[in-house]
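> If you're matching them up, the sequences are chains F and A in order. Take any residue in the first sequence, count from 1 to its spot, add 10: that is its number in this note's numbering. Take any residue in the second sequence, count from 1 to its spot, add 2: that is its number in this note's numbering.
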Amino acid sequence: MPSNLSHISVALVGNPNSGKSTLFNSMTGLHQKTGNYAGVTVDKHYGSYKHKNQEFKVTDLPGTYSLYPKSLDEEVACRALLSVDEKIDVVVIVADASNLKRHLLLATQLIDLKMSCVLALNMIDEAAKNNTVIYYEELEKLIDIPVIPINSRSKDGIQELKEAITRAKISDTVFYNFEKQKQLFPQIDSYQTLIQLALDKKKEQSHAIKEFELNDNLHRFSKINYMVAKCIKQPEKLNKNLTQKLDTFFTHKVFGFAFFFLVLFVIFQFIFYVAEYPMTWIEEGFAYLMNTVAVSLPKGQLSDLLVNGVLAGISGIVVFVPQIALLFFFIAILEDTGYMARASFILDKVMRKFGLNGKSVIPMISSVACAVPSIMSTRTITNWKDRMITILVTPLISCSARLPVYTLLISMMFARDKSTGILNYQGLVLMGIYLLGFGAALFAALILKKVLKTTEKSYFIMELPVYRKPQWQTVAMLVFDKVKVFLFDAGKIILAISIVLWFLTSHSPGDAFEKLESNAVAINLSEADLNAQKLEASYAGILGKKMEPVIKPLGFDWKIGIALITSFAAREVFVGTMATIYSSGDSENTETLREKLIAEKNFETQLPAYSSAVCWSLMIFYVFAMQCMSTLATTYRETKHWKWPAIQLVFMTGLAYLSSLLVYNILN
Amino acid sequence: MQTLDTLALGQSATIKEFTDDFLSLKFIEMGCLPGEKIKLSNIAPFGDPIAIEVSGYVLSLRKQEAATIVVKLNPENTIESCAI
């Protein structure tokens, strides 16, 4: 092993559920970071530790079952192993001691790469509980690399592992099917070159590689069976009583679903209602900060930019943190305990019909609160196509930001309607609107299932891991990571758009604002009326008027046009903008706004401007339209391609336009 | 020729061969090898997917995927089913 380097680079490699992440946390503590592998949306976890004055850099590679990748995550892990740019000095093979046979497949493949390796046998406590006895020295002799029993949860054996890493070695044992290689690829001289060839995925070789993979793995397992027979004493019957009992409950046709709905209910309560409190504190805190800055700085362009552009933008980003943190807190627990796999198991058949996956359920339900954390949570869906469909359709589900818009419009429609009776119309309409959003999402998923093309084969061959207690450190790390990624990655896009929107609403061509201001002083105009006039004269106002011919068929005028532009920041801004336009003052007090809107007459016809046709049309528009820059920024962050947010924007807004057009023309 | 998807809950069998090339590669790396003993341990509430015990752990798969695994019922099943 090289020891004169400035640092030694260590990679943790293992099957999913081998306890790799927990080991990574135990080894590096808080010295860790999360990044992204170039061009793909797979998280890269790396950190460092010191051992005997030597610096070690650790990378936690995505879990993989073998070196012949079957998914994007696995491919990333394999490429990282063979990378020339970021050379790995030592590979720590993490294997589950309680399920060693399957885990040894990857271990023997890694040994054949002729890299310096150490085998960390994790979960020795569970193996002991199963009455499994492992003869480590015997195993060490057979595979010719250091073998260290560890328990990453209790941190037993971590020091020994760190010590063993310094004496990691290239094994002299060879496991791969050399004969088959000579026969299929006579020109290739090493296993490493062969794996590289498999990764390059050249069409003309794909058949030979598949044949080699089949033979190679069968060959390996025959050697592994021999090793397992020599080194492991295992009871015939597996002692997995607790997991079996819990499975009978969690996958039961009544209790299983009841429990799943209870989980959804709790998550929903937290991200919908509990998150409300910290969100209000954040908003109030920022309002206070903006006020203080506005007062203490000299009035002018710069302070306006700082307060209403930058600070308002940051406030709009930070306000998402409670929902993201809470949702990932629950998701991390569900994943860590092993429950998530069971939820997918019981829901797969229903979701499959819509081109979705059992794991799409939690993102979709969560999007009733907000699409931003939901889209971020689709990472748990390993199948590319299923994940894309979930990301694309999730924003169609009515989120909490649409609620103020719906409430205003519904109260306007039924303001004159006294016939409440037993049934509350307003509540019924609201429910109908939510169902419409759900229906649209499922329908869009069905269409996307047919349209989206993928080379990745869809299958649902998944391990149901043993139930384990959640690791709070792992949970905290995930929550922290997700919040950070959102703040700094999606955040910068959101901030940029907020500044553009600020400019559009607070600037006018020429000196229109100055004229309005001096005129307001002359005729003693109220501030609310002046603000309404200024908004009309601003770039946003001009855009709104320019848009009028396009949105007129939907029953919208230029005033709604302005609100459509500003509410691109977040849908609830619609209400605030309408309040400004109608100079009803306080945007919190929607009662005045509602009365003003109801009293508004159409300029040409002198009929009420907000007829029920207009209200319905506007409401349907908000059900479908992609009126949310934060969602678009998150989709970009999670797909690493502008194509996907662009598709979302075009198809959702198109759907909104056509539906509103239809609704308005039928009702009018 | 019996395939895995036709097993009843609790029945055990031995894997004989695979009928799908791509899926066979996946199954093998998941420890489902020809000659390996399996047991149908769970069926999802809507009848699909199913879960099997194999090589010391539990694996879930869809019925259409299970249909590509050819199995042979283990002799102990006949004794058990007689008892029932």
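All C-beta atoms in this analysis are idealised placements derived from N, C-alpha and C, irrespective of residue type, glycine included. Please read these numbers as outputs of a predicted model, since none were measured by experiment.
Where do the N-terminal and C-terminal ends of the alpha helix (DSSP H) with residue 396(F) fall, by residue?
Taking the first sequence and counting its residues from 1, one reaches residue 396(F) at position 386. From DSSP, the alpha helix (DSSP H) with residue 396(F) extends over 394 to 403.
> Can you tell me where the alpha helix (DSSP H) holding residue 755(F) begins and where it ends?
The question about residue 755(F) has no answer, for chain F in this structure spans 11 to 678.
> Under the rule that 16 or more other beta-carbon atoms within 10 Å means buried, what is residue 693(F), buried or exposed?
Here chain F comprises residues numbered 11 to 678, so residue 693(F) is not present and cannot be evaluated.
> Please report the Cβ distance between residue 73(F) and residue 25(F), rounded to the nearest whole angstrom; I am assuming they are in contact, meaning their Cβ atoms lie under 8 Å.
Indexing the first sequence from 1 puts residue 73(F) at position 63. Indexing the first sequence from 1 puts residue 25(F) at position 15. At roughly 6 Å, the Cβ-Cβ gap stays under 8 Å, so residue 73(F) and residue 25(F) are in contact.
> Does residue 59(F) come out as helix, strand or coil in the three-state DSSP assignment?
Within the first sequence, residue 59(F) is the residue found at index 49, counting from 1. In the structure shown, residue 59(F) sits in a strand (DSSP, three-state: E or B).
> Less than 6 Å between C-beta atoms, sequence neighbours within five positions excluded: which residues of the same chain meet that for residue 66(F)?
As a working note, residue 66(F) is residue 56 in the first sequence. The residues are 18, 20 and 59.
> Hey, could you find the ends of the beta strand (DSSP E) residue 64(F) is sitting in?
Position 54 of the first sequence holds residue 64(F). Note, residue 64(F): beta strand (DSSP E), 64 to 70.
> DSSP state of residue 25(F), grouped into three classes?
Indexing the first sequence from 1 puts residue 25(F) at position 15. The answer is coil: DSSP assigns residue 25(F) none of H, G, I, E or B.
> Return the residues of the stretch 452 to 483 of chain F that lie within a Cβ-Cβ distance of less than 9 Å from chain A, sorted by chain order.
467, 469, 470, 471, 472, 473, 474, 475 and 476
> Taking just the CA atoms, how far does residue 410(F) sit from residue 261(F)?
Stepping through the first sequence from its first residue, residue 261(F) is reached at position 251. Stepping through the first sequence from its first residue, residue 410(F) is reached at position 400. Taking the straight line joining both Cα atoms gives about 31 Å.
> Could I get the ranges of all uninterrupted beta strand (DSSP E) runs contained in the stretch 129 to 169 of chain F, with 3 residues as the minimum, in chain order?
157 to 159
> I think residue 400(F) touches residue 373(F), with their Cβ atoms under 8 Å apart; what is that distance to the nearest whole Å?
Locating residue 400(F) in the first sequence gives position 390, counting from the first residue. Locating residue 373(F) in the first sequence gives position 363, counting from the first residue. Taking 8 Å as the upper bound for CB-CB distance, residue 400(F) and residue 373(F) are in contact here, some 6 Å apart.
> Do the stretch 354 to 362 of chain F and the stretch 281 to 289 of chain F make contact, defined as three or more Cβ pairs closer than 8 Å?
no
> Could you list the residues in the stretch 103 to 115 of chain F with a C-beta less than 7 Å from some C-beta on chain A, going in chain order?
109, 111, 112 and 115
> So for residue 17(F), helix, strand or coil by DSSP?
As a first step, residue 17(F) must be located in the first sequence, where it is residue number 7. DSSP places residue 17(F) in strand when its eight states are reduced to three.
> Could you check what DSSP says for residue 182(F) in three-state terms: helix, strand or coil?
Locating residue 182(F) in the first sequence gives position 172, counting from the first residue. In this structure, residue 182(F) counts as coil in the three-state DSSP scheme.
> Select from 516(F), 228(F), 245(F) and 287(F) the residue whose C-alpha is nearest the C-alpha of residue 140(F).
In the first sequence, counting from the first residue as 1, residue 140(F) sits at position 130. Cα-wise, what sits closest to residue 140(F) is 245(F).
> Using only the alpha-carbon positions, how far apart do residue 579(F) and residue 357(F) sit?
On the first sequence, residue 579(F) is found 569 positions in, with the first residue counted as 1. On the first sequence, residue 357(F) is found 347 positions in, with the first residue counted as 1. Near 35 Å, if we compare the C-alpha coordinates of residue 357(F) and residue 579(F).
> When you compare the CB positions of residue 104(F) and residue 130(F), do they come within less than 7 Å of one another, or not?
Translated into the one-based positions of the first sequence, residue 104(F) becomes position 94. Translated into the one-based positions of the first sequence, residue 130(F) becomes position 120. Against a cut-off of 7 Å, the Cβ pair of residue 130(F) and residue 104(F) comes out as a contact.
> Would you grab the beta carbon distance between residue 381(F) and residue 472(F) for me? Rounded to a whole angstrom, and I think it's under 8 Å.
Within the first sequence, the letter at position 371 stands for residue 381(F). Within the first sequence, the letter at position 462 stands for residue 472(F). That belief does not hold up - the Cβ atoms of residue 381(F) and residue 472(F) are roughly 26 Å apart, past 8 Å.
> Which residue comes first and which comes last in the alpha helix (DSSP H) that contains residue 644(F)?
The sequence position of residue 644(F) within the first sequence is 634, counting from 1. Unbroken alpha helix (DSSP H) run through residue 644(F): 639 to 649.
> Check the Cβ of residue 359(F) against every Cβ in chain A and list those closer than 8 Å, keeping chain order.
The residue given as residue 359(F) occupies position 349 in the first sequence. Those within 8 Å of residue 359(F) in chain A are 46, 48, 49, 50 and 51.
> Between the alpha carbons of residue 38(A) and residue 57(A), how many angstroms are there, rounded?
One-based indexing of the second sequence puts residue 38(A) at position 36. One-based indexing of the second sequence puts residue 57(A) at position 55. Each residue's alpha carbon lies about 7 Å from the other.
> Mind checking which residues open and close the alpha helix (DSSP H) that includes residue 294(F)?
For this step, residue 294(F) is matched to residue 284 along the first sequence. That run of the alpha helix (DSSP H) goes 286 to 306.
> Taking DSSP's pairing of strands, which residues face residue 260(F) in a bridge?
The residue given as residue 260(F) occupies position 250 in the first sequence. In the DSSP output, where bridge partners are listed per residue, residue 260(F) has none listed.
> Can you find a CB in chain D that lies within less than 7 Å of the CB of residue 74(F)?
Looking for chain D here will not work: the only protein chains present are F and A.
> Rounding to the nearest angstrom, what Cα-Cα distance links residue 324(F) and residue 496(F) in this structure?
Position 314 of the first sequence, counting from 1, holds the residue named residue 324(F). Position 486 of the first sequence, counting from 1, holds the residue named residue 496(F). Cα-Cα distance, rounded: 12 Å.
> Return the bridge partner residues of residue 19(A) from the DSSP annotation.
On the second sequence, position 17 is the one that residue 19(A) refers to. 72(A).
> Give me the residue from 333(F), 664(F) and 615(F) with the minimum Cα distance to residue 287(F).
Taking the first sequence and counting its residues from 1, one reaches residue 287(F) at position 277. The closest CA to that of residue 287(F), considering only 333(F), 664(F) and 615(F), is found on 333(F).
> Taking residue 233(F) as the reference, give the member of 186(F), 196(F) and 223(F) with the closest Cα.
As a first step, residue 233(F) must be located in the first sequence, where it is residue number 223. For the residues 186(F), 196(F) and 223(F), the minimum Cα distance to residue 233(F) belongs to 186(F).
> Less than 7 Å between CB atoms is the rule here; does residue 28(A) satisfy it with respect to chain F?
As a first step, residue 28(A) must be located in the second sequence, where it is residue number 26. Cβ-Cβ to chain F under 7 Å: yes for residue 28(A).
> Run through chain F and tell me which residues come within less than 8 Å of residue 35(A), C-beta to C-beta.
In the second sequence, residue 35(A) corresponds to position 33, counting from 1. Result: 228 and 231.
> Between residue 188(F) and chain A, is any beta-carbon pair separated by less than 7 Å?
Your numbering for residue 188(F) matches position 178 in the first sequence. Cβ-Cβ to chain A under 7 Å: no for residue 188(F).
> If you measure from the beta carbon of residue 223(F) to each beta carbon in chain A, is any gap under 7 Å?
Position 213 of the first sequence, counting from 1, holds the residue named residue 223(F). Chain A, which has a Cβ nearer than 7 Å to the Cβ of residue 223(F), makes this yes.
> Touching or not, the stretch 313 to 320 of chain F and the stretch 493 to 512 of chain F, by the rule of three or more beta carbon pairs under 8 Å?
yes
> Which residues in chain F sit within 8 Å of residue 7(A), going by Cβ to Cβ distance?
Position 5 of the second sequence holds residue 7(A). Within chain F, no residue comes near residue 7(A); the closest Cβ sits about 13 Å away, beyond 8 Å.
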